[in-house]
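In what follows, a structure is listed as structure tokens, so that the remarks can point back to it.
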Amino acid sequence: MNQEYCCIKEGVIVVNGHTVYTDSLDHSEEPFLVKAYRALGLSYLKFFKMDNLSKTGFLAAELLLKGTPIDNQDLKSDIAVILMTGNASLDTDLGFQSTINDPASYFPSPSIFVYTLPNIMLGEICIRYKITGEGVVFIEPEINSTLIFEYINMIFTDGVTNTCLFGWVDYLDGKAEAFLSVIHKNMITESFSQQSFNSFIQGTFRSGNHQQ
Amino acid sequence: MPVVYKIADNIISSLGFDTSENFRNIVSGISGISETNKFSLPGARVFASLVDDVRLELVSSAFIDPSKFTRLEQMIISSVHNAVDESDIDMTDPETLIILSTVKGNNDLIATGTPFEHERIHLWRTAEKIREHFANPNTPVVISSACISGTLAIVYGKRILTMGKYKNVVITGGDIVTPFIVSGFDCLKAIDPRPCRPFDADRKGLSLGEGAGTIVLSTQLSNSGTNSIEIADGSSSNDANHISGPSRNGEGLLRSIIKTLDNRPAEEIDFINAHGTGTSFNDEMESIAFSRCGLDKKPVNSLKGYIGHTLGAAGIIETNLCCRSLEENLLVKSHGYEHQGTSVPLNIVTEPVHVALKSCLKTSSGFGGTNATILITKDYDHR
Numbered sequence: 001m002n003q004e005y006c007c008i009k010e011g012v013i014v015v016n017g018h019t020v021y022t023d024s025l026d027h028s029e030e031p032f033l034v035k036a037y038r039a040l041g042l043s044y045l046k047f048f049k050m051d052n053l054s055k056t057g058f059l060a061a062e063l064l065l066k067g068t069p070i071d072n073q074d075l076k077s078d079i080a081v082i083l084m085t086g087n088a089s090l091d092t093d094l095g096f097q098s099t100i101n102d103p104a105s106y107f108p109s110p111s112i113f114v115y116t117l118p119n120i121m122l123g124e125i126c127i128r129y130k131i132t133g134e135g136v137v138f139i140e141p142e143i144n145s146t147l148i149f150e151y152i153n154m155i156f157t158d159g160v161t162n163t164c165l166f167g168w169v170d171y172l173d174g175k176a177e178a179f180l181s182v183i184h185k186n187m188i189t190e191s192f193s194q195q196s197f198n199s200f201i202q203g204t205f206r207s208g209n210h211q212q
Numbered sequence: 213m214p215v216v217y218k219i220a221d222n223i224i225s226s227l228g229f230d231t232s233e234n235f236r237n238i239v240s241g242i243s244g245i246s247e248t249n250k251f252s253l254p255g256a257r258v259f260a261s262l263v264d265d266v267r268l269e270l271v272s273s274a275f276i277d278p279s280k281f282t283r284l285e286q287m288i289i290s291s292v293h294n295a296v297d298e299s300d301i302d303m304t305d306p307e308t309l310i311i312l313s314t315v316k317g318n319n320d321l322i323a324t325g326t327p328f329e330h331e332r333i334h335l336w337r338t339a340e341k342i343r344e345h346f347a348n349p350n351t352p353v354v355i356s357s358a359c360i361s362g363t364l365a366i367v368y369g370k371r372i373l374t375m376g377k378y379k380n381v382v383i384t385g386g387d388i389v390t391p392f393i394v395s396g397f398d399c400l401k402a403i404d405p406r407p408c409r410p411f412d413a414d415r416k417g418l419s420l421g422e423g424a425g426t427i428v429l430s431t432q433l434s435n436s437g438t439n440s441i442e443i444a445d446g447s448s449s450n451d452a453n454h455i456s457g458p459s460r461n462g463e464g465l466l467r468s469i470i471k472t473l474d475n476r477p478a479e480e481i482d483f484i485n486a487h488g489t490g491t492s493f494n495d496e497m498e499s500i501a502f503s504r505c506g507l508d509k510k511p512v513n514s515l516k517g518y519i520g521h522t523l524g525a526a527g528i529i530e531t532n533l534c535c536r537s538l539e540e541n542l543l544v545k546s547h548g549y550e551h552q553g554t555s556v557p558l559n560i561v562t563e564p565v566h567v568a569l570k571s572c573l574k575t576s577s578g579f580g581g582t583n584a585t586i587l588i589t590k591d592y593d594h595r
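Quick mapping for you: the protein sequence lines, in order, are chains U and Z.
Counting along the first sequence from 1, when you hit position 96 you're at 96 in our numbering, and nothing is skipped either side.
Quick note, our numbering runs 212 ahead of the 1-based positions in the second sequence.
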């Protein structure tokens, strides 16, 4: 399989085989995702209000989709989004819990609470790209290429979907991980097999960015 | 394309531990929402629909040692048992798949001092515990897409059966009410200080509910049922508008309804079971979407006035109740509704009605701009 992808792993961001950002070990106070956003010259103010999971998913989507035909102003109901995560919104859940643990300093925040759902990252990507098609968030301990492969094959039979944005987005304890790719219906040929899909995921994501 | 039938179901909620008990109470107009002091929130009176702890432990102890399972796992395992044990499906069959729908899973474990290992907080781990218990050979599928999770899990179940890899899918969903969830919805000012009143002019928010629901779908109809209930179609759509508020013009929900109906005329829909949370924005958005697709004259009900918003279980529990309505030709009234409260008038069901029913449109919408809908039909003639 030869298709576009963006991979964020171990502080390295790779787009279509090219390393576009490596986390600098400087002593700046800014977290990796924000440093990458700035270094890559991205401009989307809503990024700063997002939680870390949404930031991770947004960054991968932006680097994959910006400037492609998907990046235009029309509503797109023929694009499906399938995302998978392991830790889901746990990073933000822990943050929210810390605001309600102690009755003496009970101060739950709506702007944190809305991010305690893993599908908010999907919503953020849909808002950015005006994607109004099918969407689902699966929770798996690690990227499950069988489930994604089956979903892709399934969704392209619905008579509406022509494109599927898919992948893995995860964040916990400062560790950001993402792998996003796009597949079009006309790429589903006989050579698109579970085996070729598995090796695509294996070669681009599982093997790790440090080997690129 | 194979037809997908509902062959078994269960509901565990404040109103009972199986679908019949829940449906009976609902038809009698009983609501399980009551004031609780279980969540000691600073200065807040909370109404919620909660599952009875004593009865849950009693019921679940027939299948498991309750001390080794979380409250949510007890509910879900009991729910799956109740549904599956009445059907002839084999949980250990490689052609049977488990799908779990949950929004927050074992969210009670996030507070410190629980007896369970830390890993149990993960939604996939809950699914794994359920799979282990039933000795199912397949990796369970977990769907967590906010308030549409249950409906979306049914859409997914229908589709995966259509692909032919599995014969049966056991779709189960559950969520519990915790201080985390109560304070979250409370700080969003989304909780009605009284029991919720979906679609009413005086609605002030939702009531939280907890519970579990299970629906077993199959490509093979068992002979035991008198009616054949099908999941005829289903879809999802995103608003691409706002992460915590529904689209003002109902665009995403409208798109999902149009896709699910797939050119079927409005005459083929007998009633709509709405998401109907009781929040101002949700119910208003739904009325606009129903009107835009020409369905605003159809009888509409919300079941949230009986059992609250059961989050990841909602789509499954409410679908099961709709199936029961179809089976018994009995439309359930929308509890808590008195006066028209949406800019587009809807035909809200205000008294139980005995009427011939053949089809129902079930809708769900949630945070993240998500919408999902399914079409349920009874005794559909495929010739």
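Glycine included, every Cβ here is placed at the ideal spot set by N, Cα and C.
- Between which two residues does the beta strand (DSSP E) containing residue 511 of chain Z stretch? In the second sequence, residue 511 of chain Z corresponds to position 299, counting from 1. It spans 511-513 - the beta strand (DSSP E) in which residue 511 of chain Z sits, taken as one unbroken run.
- Item | Given residue 458 of chain Z as reference, the closest of Z:271, Z:348, Z:378 and Z:493 once Cα atoms are compared | Counted from its first residue, the second sequence places residue 458 of chain Z at position 246. For the residues Z:271, Z:348, Z:378 and Z:493, the minimum Cα distance to residue 458 of chain Z belongs to Z:493.
- Query: Should residue 212 of chain U be labelled buried (16 or more other beta-carbon atoms within 10 Å of its own) or exposed?
  - Reply: Your numbering for residue 212 of chain U matches position 212 in the first sequence. Because the pLDDT of residue 212 of chain U is 43, which lies under 50, any placement of that residue in the model is unreliable, and the number read from its coordinates should be weighed accordingly. Result: exposed.
- Query: Any idea what DSSP makes of residue 583 of chain Z, helix, strand or coil?
  - Reply: Working through the second sequence from its first residue, we reach residue 583 of chain Z at position 371. In the structure shown, residue 583 of chain Z sits in a strand (DSSP, three-state: E or B).
- Message: Just to confirm my understanding: we take residue 124 of chain U, look at its own chain, exclude 5 residues before and 5 after, and list those with CB closer than 8 Å. What are they?
- Response: Indexing the first sequence from 1 puts residue 124 of chain U at position 124. So the qualifying residues of the chain are 46, 50, 54, 57 and 58.
- Item | Closer than 9 Å to chain Z by CB, residue 75 of chain U | Counting from one through the first sequence, the residue named residue 75 of chain U turns up at place 75. Residue 75 of chain U counts as touching chain Z.
- Task: Going by CA-CA distance only, name the one from Z:242, Z:460 and Z:489 that's closest to residue 500 of chain Z.
- Result: Numbered from its first residue, the second sequence carries residue 500 of chain Z at position 288. Nearest of Z:242, Z:460 and Z:489 to residue 500 of chain Z, Cα basis: Z:460.
- Query: Assuming residue 642 of chain Z and residue 502 of chain Z make a contact with CB atoms under 8 Å, what is their CB distance in whole Å?
  - Reply: For residue 642 of chain Z there is no data in the structure shown, the boundaries of chain Z being 213 and 595.
- When the cut-off is 9 Å and only beta carbons count, does residue 368 of chain Z lie next to chain U? What you label residue 368 of chain Z is simply residue 156 of the second sequence in a count that begins at 1. It does; some Cβ of chain U falls within 9 Å.
- Query: Apart from the five residues just before and just after residue 317 of chain Z, which ones in its own chain have a Cβ nearer than 6 Å to its Cβ?
  - Reply: Taking the first residue of the second sequence as 1, we reach residue 317 of chain Z at position 105. Once the five neighbours on either side are set aside, the close Cβ partners of residue 317 of chain Z are 335 and 338.
- Give the interface partners of residue 130 of chain U over in chain Z, defined as CB-CB distance under 9 Å, in chain order. Start at 1 with the first residue of the first sequence, and residue 130 of chain U comes out as number 130. Here the neighbours are 452.
- Query: With 16 as the cutoff for other CB atoms within 10 Å, does residue 409 of chain Z come out buried or exposed?
  - Reply: Against the second sequence, residue 409 of chain Z aligns to sequence position 197. Label assigned to residue 409 of chain Z: buried.
- Task: Sort Z:303, Z:354 and Z:333 by Cα distance to residue 312 of chain Z and report the nearest one.
- Result: In the second sequence, the residue the question calls residue 312 of chain Z occupies position 100. The residue with the shortest Cα to Cα distance from residue 312 of chain Z is Z:354.
- So, does the CB of residue 318 of chain Z fall closer than 9 Å to a CB anywhere in chain U? Indexing the second sequence from 1 puts residue 318 of chain Z at position 106. No, because no Cβ of chain U sits closer than 9 Å to the Cβ of residue 318 of chain Z.
- Message: Between the alpha carbons of residue 120 of chain U and residue 455 of chain Z, how many angstroms are there, rounded?
- Response: By 1-based counting over the first sequence, the position of residue 120 of chain U is 120. By 1-based counting over the second sequence, the position of residue 455 of chain Z is 243. Distance between the alpha carbons of residue 120 of chain U and residue 455 of chain Z: 6 Å.
- Query: On the premise that residue 569 of chain Z lies in contact with residue 482 of chain Z, defined as a C-beta separation below 8 Å, what is that separation, rounded to the nearest angstrom?
  - Reply: As a position in the second sequence, residue 482 of chain Z is number 270, starting the count at 1. As a position in the second sequence, residue 569 of chain Z is number 357, starting the count at 1. So it is a contact: roughly 5 Å between Cβ atoms.
- Task: Whole angstroms is fine: what's the gap from residue 346 of chain Z's alpha carbon to residue 28 of chain U's?
- Result: As a working mapping, residue 346 of chain Z is identified with position 134 in the second sequence. As a working mapping, residue 28 of chain U is identified with position 28 in the first sequence. C-alpha separation (whole angstroms): 51 Å.
- Can you pull the chain Z residues whose beta carbon is under 8 Å from the beta carbon of residue 167 of chain U, in chain order? Along the first sequence, read from residue 1 onward, the residue named residue 167 of chain U stands at position 167. Those within 8 Å of residue 167 of chain U in chain Z number zero; the least Cβ separation is about 16 Å.
- Task: Mind listing the chain U neighbours of residue 580 of chain Z? Cutoff is C-beta to C-beta under 7 Å, in chain order.
- Result: Your numbering for residue 580 of chain Z matches position 368 in the second sequence. 117, 119, 120, 122 and 123, listed in chain order.
- Beta-carbon of residue 295 of chain Z versus every beta-carbon of chain U: anything under 9 Å? Within the second sequence, numbered from 1, the residue matching residue 295 of chain Z stands at position 83. Not an interface residue.
- Query: In three-state terms, what does DSSP make of residue 534 of chain Z?
  - Reply: Mapped onto the second sequence, residue 534 of chain Z falls at position 322. If DSSP states are grouped into helix, strand and coil, residue 534 of chain Z belongs with the helices.
- Message: Please confirm whether residue 573 of chain Z has its beta-carbon closer than 9 Å to some beta-carbon of chain U.
- Response: Residue numbering aside, residue 573 of chain Z sits at position 361 when the second sequence is read from its first letter. No - not a single Cβ of chain U is within 9 Å of the one on residue 573 of chain Z.
- Which value, in whole angstroms, describes the spacing of the CA atoms of residue 199 of chain U and residue 213 of chain Z? Taking the first sequence and counting its residues from 1, one reaches residue 199 of chain U at position 199. Taking the second sequence and counting its residues from 1, one reaches residue 213 of chain Z at position 1. Those two C-alpha atoms are separated by around 31 Å.
- When U:3, U:96 and U:160 are compared against residue 64 of chain U, the one with the closest alpha-carbon: Taking the first residue of the first sequence as position 1, residue 64 of chain U is located at position 64. When only C-alpha atoms are compared, the closest one is U:3.
- chain U residues whose Cβ lies nearer than 9 Å to that of residue 471 of chain Z: Counting from 1 along the second sequence, the entry for residue 471 of chain Z is found at position 259. The answer, in chain order, is 77, 134, 158, 159 and 160.
- Query: At least one CB of chain U closer than 9 Å to the CB of residue 306 of chain Z: is that the case?
  - Reply: Residue numbering aside, residue 306 of chain Z sits at position 94 when the second sequence is read from its first letter. Answer no: the Cβ-Cβ gap between residue 306 of chain Z and chain U never drops below 9 Å.
- Message: Please tell me whether residue 146 of chain U has its Cβ less than 9 Å away from any Cβ of chain Z.
- Response: For the purposes of this step, residue 146 of chain U is taken as residue 146 along the first sequence, with counting starting at 1. Chain Z, which has a Cβ nearer than 9 Å to the Cβ of residue 146 of chain U, makes this yes.
- Message: 9 Å is my cut-off, CB to CB: does residue 113 of chain U come that close to chain Z?
- Response: Mapped onto the first sequence, residue 113 of chain U falls at position 113. Yes - at least one Cβ of chain Z is within 9 Å of the one on residue 113 of chain U.
- Item | DSSP-derived helix/strand/coil call for residue 412 of chain Z | Translated into positions along the second sequence, residue 412 of chain Z becomes position 200. Residue state, collapsed to three classes: strand.
- Message: Short of 9 Å Cβ to Cβ, which residues in the region 92-104 of chain U face chain Z?
- Response: 93, 94, 96, 97, 99, 100, 101 and 103
- Task: Establish whether the CB of residue 334 of chain Z and some CB of chain U are separated by less than 9 Å.
- Result: For the purposes of this step, residue 334 of chain Z is taken as the residue at position 122 of the second sequence. Taking Cβ atoms only, chain U reaches closer than 9 Å to residue 334 of chain Z, which makes this a yes.
- When the Cα of residue 383 of chain Z is compared with those of Z:398, Z:393 and Z:366, which residue comes out closest? As a working note, residue 383 of chain Z is residue 171 in the second sequence. Answer by Cα proximity: Z:366.
- Item | C-alpha distance - residue 284 of chain Z paired with residue 387 of chain Z, whole-angstrom precision | For the purposes of this step, residue 284 of chain Z is identified with residue 72 of the second sequence, where counting begins at 1. For the purposes of this step, residue 387 of chain Z is identified with residue 175 of the second sequence, where counting begins at 1. Straight-line Cα distance between these residues: approximately 6 Å.
- Message: Three Cβ pairs or more, each shorter than 8 Å: is that satisfied between the region 102-111 of chain U and the region 392-411 of chain Z?
- Response: yes
- Task: For the beta strand (DSSP E) containing residue 326 of chain Z, list its first residue and its last residue.
- Result: One-based indexing of the second sequence puts residue 326 of chain Z at position 114. That residue, residue 326 of chain Z, is in no beta strand (DSSP E); it is neither H nor E in DSSP.
- Query: According to the neighbour-count rule (16 or more other Cβ atoms, all chains shown, within 10 Å of its Cβ), is residue 270 of chain Z buried or exposed?
  - Reply: One-based indexing of the second sequence puts residue 270 of chain Z at position 58. Residue 270 of chain Z should be labelled exposed.
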